[in-house]
Amino acid sequence: MTLTAAPGRARQAAGWRPPATSYGLGLAVAGVAAAWGVHRLLPAVPLLTAAVVLGIVAAHLPGARGLVRGVCRAGLSLAGKRLMRLGIVLLGLKLSLNDVLGLGWATVAMVLGVVAATFCGTWWLGRRMGLRGDQPLLIATGYSICGASAIGAVSEVSDSDERDVATSVALVTLCGTLAIAVLPLLQHPLGLGDAAFGRWVGASVHDVGQVVATAQTAGPAALGDAVLVKLVRVALLAPLVAVLATSVRARGRVKRTGGSGGQEIGGQEAGGQGAGGQEAGNQQAGGQEAKRRPPLVPLFVLGFLAMTALRSTDVLSTAVLDTAATAQELLLAAALFGLGSAVHLPSLTRTGARVAALGLCAWVVIAGASYGGVLLTT
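All residue numbers for the sequence shown refer to numbering that gives the first Met the number 0, where the first residue is 0 and numbers rise by one.
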């Protein structure tokens, strides 16, 4: 009779090793701590912006570059995807339907128009400029909805390349950071009062943290309106992701139908397969395609909607909401550090001019459209 060692003893004999993702997740935690320190020293720099920048720096420092591209890569990629989803779910707790309705239908309609114009215009222009992969889609989403969080959500359903996601996040973060310095200088030349300036900021700046940093320069009235308008844009994340998921599923059905036809013709020409074999092959290909299709509404989007509904009931205490807000920011910071670490500047320089040009054009579109919308609704 053969005796086998207990599982615990076998692990001890073989030498226990931590999960492959633990190294990258640990580095992401260290990056968040460093970003928090930068934010404390320079309050004008949002935590999420600092996290992206530090991720890019870590990917190019001689000492850390090998770790980022090697043993830490799996954990950093996990942070960029899974932690991003959790952060988006908690982001729903910032949105109350009562606050949105309090803005009035004119302002809500204005935000819808700005988002539609920015998304469609940026996506169309990016494709015309020949940007690679999903970059036009991701940049359009980031500019029109809520910056890096929206890019992360859309990349989940579109299964975008990590480099495209990282490049888009870097561009949107850079432009949103520049807005913190540029937009306050334009308030008085454009003839905007504090409340109108806040709505302009909320409708045109990408990330929630960047909106807060920009609008607070004009006082509490501007800050309150800016955050509410921004949250209306955040609310559009769920329907946008659902529409894109439907589109991806439809493309999958078209490809599967076209592919099965090609297999059938090829089988007839070769004469080596029977009808039963062809049918089995087609079913197998269809099953693989079905596995790749994203759900109509991803689970994290349902979580976002559930948190929004929960917040709208007013049953959560201020302490709970503050704790959730802190957790949400830390999760997104870790995710953005992971995405920033995937940026490869030498590769970015090949399309950098076109990406920068698209970012500048999109910035002009959203700033101009939101400014016109604010003038029409105030």
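The beta carbon of each residue, even a glycine, is placed where N, CA and C say it ideally should be.
Residue closest to residue i, alpha-carbon to alpha-carbon, out of the options
i, options, result
"LEU82", "TRP122, ALA49, SER148 and LEU304", "SER148"
"ALA221", "VAL113, GLY25 and PRO183", "PRO183"
"LEU173", "ARG127, ALA334 and LEU359", "LEU359"
"LEU330", "CYS145, SER95, LEU41 and GLY79", "GLY79"
"LEU239", "VAL200, ALA152, VAL314 and VAL181", "ALA152"
"VAL247", "SER95, SER159 and VAL210", "SER159"
"CYS71", "SER95, ALA29 and ALA225", "ALA29"
"SER203", "ILE179, ALA33 and SER369", "SER369"
"ALA244", "ALA308, LEU136 and VAL181", "LEU136"
"THR307", "GLY112, VAL99 and LEU24", "VAL99"
"LEU75", "LEU94, ALA32, GLU161 and VAL181", "GLU161"
"PHE299", "HIS38, LEU85 and ARG68", "LEU85"
"CYS107", "GLY175, GLU328 and LEU230", "Checking the sequence, you will find Val at residue 107 rather than Cys. Ranking the options by Cα distance to VAL107, first place goes to LEU230."
"TRP199", "ALA32, VAL363 and VAL31", "VAL363"
"GLU328", "HIS38, PRO188 and PRO18", "HIS38"
"GLY132", "ILE55, PRO188 and SER154", "SER154"
"ALA43", "GLN215, THR322, ALA323 and LEU374", "GLN215"
"ALA305", "ALA234, THR322 and PRO18", "ALA234"
Anticipated Cβ contact below 8 Å, residue i with residue j, distance rounded
i, j, result
"ILE138", "VAL110", "About 19 Å; that fails the 8 Å criterion."
"SER340", "ALA57", "5 Å"
"GLY197", "ALA212", "The Cβ separation is near 13 Å, so there is no contact."
"CYS145", "ARG232", "6 Å"
"GLN186", "THR166", "At roughly 31 Å, the Cβ-Cβ gap does not stay under 8 Å, so GLN186 and THR166 are not in contact."
"PHE336", "LEU96", "Not a contact, Cβ separation roughly 32 Å."
"ALA27", "ALA225", "ALA27 to ALA225, Cβ: 29 Å. No contact."
"LEU102", "LEU191", "That pair is no contact at about 17 Å."
"LEU315", "LEU309", "7 Å"
"THR20", "ALA73", "5 Å"
"LEU344", "HIS59", "6 Å"
Span of the alpha helix (DSSP H) around residue i
i, result
"GLY109", "In the sequence as presented, Gly is not what sits at residue 109; that position holds Met. That run of the alpha helix (DSSP H) goes 104 to 127."
"CYS174", "161 to 185"
"GLN327", "317 to 339"
"HIS38", "21 to 40"
"ARG131", "That residue, ARG131, is in no alpha helix (DSSP H); it is neither H nor E in DSSP."
"GLY69", "Unbroken run through GLY69: none, as it is neither H nor E."
"GLY208", "207 to 214"
"LYS229", "219 to 234"
"ILE150", "146 to 157"
"GLY54", "46 to 57"
"LEU90", "83 to 90"
"ALA202", "193 to 203"
"ASP98", "96 to 101"
"ALA302", "Note that residue 302 is Gly in the sequence shown here, rather than Ala. From DSSP, the alpha helix (DSSP H) with GLY302 extends over 298 to 311."
Beta-carbon proximity list for residue i, same chain, < 6 Å, skipping 5 on both sides
i, result
"GLY208", "PRO45 and LEU47"
"ALA105", "THR376"
"ALA378", "Outside the displayed span of the chain (0 to 377) sits residue 378, for which this structure offers no information."
"GLY25", "none"
Close Cβ partners of residue i (< 7 Å) along its chain, the five nearest in sequence each way excluded
i, result
"TYR142", "THR117, THR121, VAL171, HIS205, ALA361 and ILE365"
"LEU130", "THR350, ARG353, VAL354 and LEU357"
"ALA178", "VAL204, GLN209 and THR213"
"ILE264", "Low local confidence applies: a pLDDT of 30 at ILE264 is under 50, so the model's placement there is unreliable, with the coordinate-based value given in what follows. The answer is none, since no qualifying residue turns up."
"LEU320", "LEU92"
"GLY125", "GLN134, PRO135, ILE138, ALA139 and LEU357"
"ILE150", "LEU137, THR140, GLY141, VAL164, SER167, VAL168 and VAL171"
"LEU41", "none"
"SER379", "The question about residue 379 has no answer, for the chain in this structure spans 0 to 377."
"ALA326", "LEU89"
"GLY36", "none"
"VAL31", "ALA50, LEU329, ALA332, ALA333 and PHE336"
Heavy atom of the ligand SAH within 7 Å of residue i beta-carbon
i, result
"LEU222", "Of ligands this structure carries none, so the ligand SAH is not represented either."
Contact set for residue i: own chain, Cβ-Cβ below 8 Å, skip 5 residues either direction
i, result
"PHE303", "ILE87, VAL88, LEU90, GLY91, LEU236 and ALA237"
"ALA318", "none"
"ALA194", "ALA220, ALA221, ASP224 and THR377"
"GLY112", "ALA368 and GLY372"
"GLY23", "VAL70, CYS71, ARG72, ALA73, GLY74, LEU75, SER76, LEU77, ALA78 and GLY337"
"VAL380", "Within the shown structure, residues of the chain are numbered from 0 to 377, placing residue 380 beyond reach of any answer."
"GLY175", "THR48, GLY146, VAL204, HIS205, ASP206 and GLN209"
"ILE55", "ALA169, GLY339, SER340, VAL342 and LEU344"
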